[in-house]
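J.: Mind looking over this structure? Questions follow.
Numbering (this note's numbering), first residue to last: 1 to 754.
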């Protein structure tokens, strides 16, 4: 705002803008530095506003103006005295309107009394001494720097940033992510810089780190907590409760409890709290801080093995004494009974004392925090070995000891490994194979493999390549005739078997798979045989389906999956194309309109042709999104009016007309009100018509199907910009009304009196 004010003998031009800069008597003031303007005010306003529209950041515009010599640095002392103005007696008598502020000066104390009538804003700073205070006196609209306008409601800066950015500032304290920091700048400056950063990156964590590196805040006492107690959301809580709740550890009697284990502290608890706080402030990672402080020697496991007491009979966990066996069984998944090491359902023979094993396991787990890594490491050290070389527990191949009870090999491997051997037949994953070795040899080799890899599928593939088993008759079914097969001792038909275990069936020379029907071009016996050979090799339904399709063993009915144009036979019942595709493919066609993924498109071909081409595409790729994209590139459909809505004011959706605003608010997460673009809790100023914005957003979303990508793309095209360059507007304005006043003054600047 630009005004000409007379008071006493001083005549001063003064203008204050968003972002902490102002112009007084051809002097540009920014962050406490004063510059001499080398061009007219009108040219400065023009250059500055053009720059803001291009960059949306004050710092970039400031640097650009400096490079273009629009203003140059002047002496701070002389500039300040001229800036305020002094009488011959040395009293400050300067009165000026600074962006709606009427400073009334008496001495050096400043207090601001913003008075708002309707849409007019005036702030009366009264100077008495050096202390600055703000006393808002409000009539009508509250538009001070303490509040902002969101969705038609006035909320304070504190509530706004707490709700949308996850931090708040109370009594010069910056609360973020459960921690409290001491601000080293004013709240207004912090809000402004955070806003500029968030406008650029849209990332809380990035802005937090950036402002931290700028030293705008610092933890209290070096560890963000205080001395003995800390302030969290109002109540005082102890360090122990705080760290237990937010960081997952606690300290009791010089013992550090973390992740279910107890460690002995080698420093004071205050020092530990401080160093942990410093680390967490920097990395925001529990595991990283745990590892870092462990390498600094601030804590160590009890007795060198992370158990908590020096004896090997019991340990202290969560206040109770429990035995080593129960502790490791509960927290590490293994136990030692009668020199047998039980882990992951298998029993191994220990080759060292249980005390040594507990100690080495504890050392390993303290270092890596990984059961599988410690298991492999101690196995390579020879601390345990499978019984009899095959990981079963006894030398005879009839029974084994599991949890104190003898069970047969067959029951054991059926329960824990998913296969069984009956009458020299190896049954795995629903298929029967013919063994080419003794069952004892197979058990032994499988045990050796599983001990090494702990993977069923890997051992299955390995033993198959060794020729220890083969499928029956070359097709993995178990008998030479193609009518029945024996599963679990009961004969079942091929159809029932493949329907149950492979997901397809054959009826009346039609092949049904994944809800679709195909016409077989070979005998069912040949199809069963080739499918069996393929599945024996790859163990993948989709791979075998694709392979046999390329061999021409089946094809879709009528070249478009269903077999007729109006109805299709699905599971023995005729259903319409529309119901079928709506149920299985997620789209429908009504009145030459193609509905997919919540949007309506205009068909540019016949329904029959669309069904046929979609069916051919889906038969090949089995992907809805791929077929949607492919048919779109062929021009078979297009959005209504170029933006997928159908009209400018309303659109037809699910049989109902809804407005553009309601539609985009519901499905795209933004709305446009009074030329304001509201997205993700922030308001932006549109620089084009709403119709053009809807159209370009619709085209973008049709192409990328991504809200964030379209937001960034349209932002780079200059279709919208934040108010004042940093989301909230400026330090003293957080509303579109103030922005409107600012724009009016700029447009009428050449008519102002200076």
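Even glycine gets a Cβ: it sits at the ideal position worked out from N, Cα and C.
Please read all numbers here as calculations on a predicted model, not as lab measurements.
1) Output needed for residue 449: all residues of its chain with C-beta closer than 6 Å, excluding positions within five of it in sequence on either side, in chain order.
2) Do the segment 503 to 522 and the segment 407 to 414 touch if we need at least three Cβ pairs shorter than 8 Å?
3) Please tell me whether residue 545 and residue 602 are closer than 8 Å, where the distance is taken between their beta carbons.
4) Using the Cα positions of residue 589 and residue 607, report the straight-line distance between them to the nearest angstrom.
5) Could you work out which residue in 674, 679 and 675 is closest to residue 668 when comparing CA atoms only?
6) Any idea what DSSP makes of residue 295, helix, strand or coil?
7) Which of the three DSSP states is assigned to residue 593 in this structure?
8) Quick check on DSSP: helix, strand or coil for residue 36?
9) Name, in chain order, the residues that DSSP records as bridge partners for residue 520.
10) Taking the alpha-carbon positions, what's the residue 375 to residue 334 distance?
11) Given that a residue counts as buried once 16 or more other Cβ atoms are within 10 Å of its Cβ, and exposed if not, what is residue 196?
12) Roughly how many angstroms separate the alpha carbons of residue 29 and residue 712, rounded to a whole number?
13) Where residue 591 and residue 629 are concerned, what is the direct C-alpha to C-alpha distance, given to the nearest angstrom?
14) State the start and end residues of the unbroken alpha helix (DSSP H) segment that holds residue 696.
15) Specify, as a first and last residue, the run of the beta strand (DSSP E) that residue 340 falls within.
16) May I ask you to report which of helix, strand or coil DSSP gives residue 680?
17) Taking the alpha carbon of residue 418 as the point to measure from, which residue in 616, 620, 721 and 455 has its own alpha carbon closest?
18) Check residue 378 in the structure and name its three-state DSSP category.
19) Taking a contact to mean a Cβ-Cβ separation below 8 Å, would you say residue 758 touches residue 256 in this structure?
20) I believe residue 720 touches residue 686 by the beta-carbon criterion, under 8 Å. Please report the beta-carbon distance rounded to the nearest angstrom.
21) Using DSSP's beta-bridge definition, name the partner residues of residue 180.
22) Considering Cα atoms alone, identify which of 353, 56 and 529 is closest to residue 717.
23) Using a Cβ-Cβ cutoff of less than 8 Å, which residues in the same chain neighbour residue 162 once the five nearest sequence positions on both sides are dropped?
24) Between the C-alpha atoms of residue 242 and residue 179, what's the straight-line distance to the nearest angstrom?
25) Could you give the residue range of the beta strand (DSSP E) that holds residue 723?
26) Can you find at least 3 beta carbon pairs, one from the segment 526 to 539 and one from the segment 547 to 557, that sit closer than 8 Å?
27) Name the DSSP beta bridge partners of residue 432, please?
28) Tell me whether residue 248 is buried or exposed, calling it buried when 16 or more other Cβ atoms sit within 10 Å of its Cβ.
29) Pick out whichever of 190, 430, 422 and 198 has its Cα sitting closest to the Cα of residue 442.
30) To the nearest angstrom, how far is it from the Cα of residue 341 to the Cα of residue 325?
31) Quick check on residue 252: buried or exposed, where buried means 16 or more other Cβ atoms within 10 Å of its Cβ?
32) Pull the bridge partners of residue 422 from the DSSP assignment, please.
33) Can you tell me whether DSSP reads residue 186 as helix, strand or coil?
34) By how many angstroms is the C-alpha of residue 498 removed from the C-alpha of residue 457?
35) I need the DSSP call for residue 68, collapsed to helix, strand or coil.
36) Whose C-beta lies closer than 7 Å to the C-beta of residue 704 among residues of the same chain, with five residues either side of it excluded?
T.: Short version:
1) Locating residue 449 in the chain shown gives position 449, counting from the first residue. For residue 449, the CB contacts under 6 Å within the same chain, skipping 5 residues up- and downstream, are 459 and 462 in chain order.
2) no
3) What you label residue 545 is simply residue 545 of the chain shown in a count that begins at 1. What you label residue 602 is simply residue 602 of the chain shown in a count that begins at 1. Result no, Cβ atoms of residue 545 and residue 602 do not sit closer than 8 Å.
4) For the purposes of this step, residue 589 is taken as residue 589 along the chain shown, with counting starting at 1. For the purposes of this step, residue 607 is taken as residue 607 along the chain shown, with counting starting at 1. Going by the C-alpha atoms only, they are around 8 Å apart.
5) Locating residue 668 in the chain shown gives position 668, where the first residue counts as 1. Minimum Cα distance to residue 668 is reached at 679.
6) Translated into positions along the chain shown, residue 295 becomes position 295. DSSP places residue 295 in helix when its eight states are reduced to three.
7) Looking up residue 593 in the chain shown gives position 593. Strand, per DSSP.
8) On the chain shown, position 36 is the one that residue 36 refers to. Residue 36: strand per DSSP, three-state reduction.
9) In the chain shown, the residue the question calls residue 520 occupies position 520. Paired residues: 554.
10) What you label residue 375 is simply residue 375 of the chain shown in a count that begins at 1. What you label residue 334 is simply residue 334 of the chain shown in a count that begins at 1. So the two alpha carbons sit approximately 10 Å from each other.
11) Here the question's residue 196 lines up with position 196 in the chain shown. The residue is buried, with at least 16 neighbouring Cβ atoms inside 10 Å.
12) The residue given as residue 29 occupies position 29 in the chain shown. The residue given as residue 712 occupies position 712 in the chain shown. Looking at the two C-alpha atoms, the distance is approximately 33 Å.
13) The residue labelled residue 591 in the question sits at position 591 within the chain shown. The residue labelled residue 629 in the question sits at position 629 within the chain shown. Roughly 22 Å between the two C-alpha positions.
14) What you label residue 696 is simply residue 696 of the chain shown in a count that begins at 1. Its alpha helix (DSSP H) spans residues 690 to 704.
15) The residue you call residue 340 lines up with position 340 of the chain shown. Residues 340 to 343.
16) The residue you call residue 680 lines up with position 680 of the chain shown. In the structure shown, residue 680 adopts coil according to DSSP, grouped into three states.
17) Here residue 418 is taken as the residue at index 418 of the chain shown, counted from 1. The option with the nearest alpha carbon to residue 418 is 455.
18) Numbered from its first residue, the chain shown carries residue 378 at position 378. Residue 378: helix per DSSP, three-state reduction.
19) There is no way to answer for residue 758, as the model of the chain reaches only from 1 to 754.
20) The count along the chain shown starts at 1 and reaches residue 720 at position 720. The count along the chain shown starts at 1 and reaches residue 686 at position 686. About 5 Å; that satisfies the 8 Å criterion.
21) Counted from its first residue, the chain shown places residue 180 at position 180. 175.
22) To locate residue 717, count along the chain shown from 1; it is residue 717. Checking every option, the nearest Cα to that of residue 717 belongs to 56.
23) For this step, residue 162 is matched to residue 162 along the chain shown. These residues qualify, in order along the chain: 168.
24) Here residue 242 refers to the residue found at position 242 of the chain shown. Here residue 179 refers to the residue found at position 179 of the chain shown. Looking at the two C-alpha atoms, the distance is approximately 10 Å.
25) For the purposes of this step, residue 723 is taken as residue 723 along the chain shown, with counting starting at 1. From DSSP, residue 723 is part of no beta strand (DSSP E); its letter is neither H nor E.
26) yes
27) Here residue 432 refers to the residue found at position 432 of the chain shown. According to DSSP, which records beta bridges pairwise, residue 432 is partnered with 427.
28) Stepping through the chain shown from its first residue, residue 248 is reached at position 248. It is exposed - the Cβ of residue 248 has fewer than 16 other Cβ atoms within 10 Å.
29) The count along the chain shown starts at 1 and reaches residue 442 at position 442. Among 190, 430, 422 and 198, the Cα nearest to that of residue 442 is on 422.
30) For the purposes of this step, residue 341 is identified with residue 341 of the chain shown, where counting begins at 1. For the purposes of this step, residue 325 is identified with residue 325 of the chain shown, where counting begins at 1. Using only the alpha carbons, I get a separation of about 11 Å.
31) Indexing the chain shown from 1 puts residue 252 at position 252. By the neighbour-count rule (16 or more Cβ atoms within 10 Å), residue 252 is not buried but exposed.
32) Here residue 422 refers to the residue found at position 422 when the chain shown is read from its first residue. Answer is 425.
33) Here the question's residue 186 lines up with position 186 in the chain shown. Coil.
34) Translated into the one-based positions of the chain shown, residue 457 becomes position 457. Translated into the one-based positions of the chain shown, residue 498 becomes position 498. If I take the Cα positions, the gap works out to 21 Å.
35) Numbered from its first residue, the chain shown carries residue 68 at position 68. Reduced to three states, the DSSP call for residue 68 is coil.
36) For the purposes of this step, residue 704 is identified with residue 704 of the chain shown, where counting begins at 1. Cβ within range, chain order: 710.
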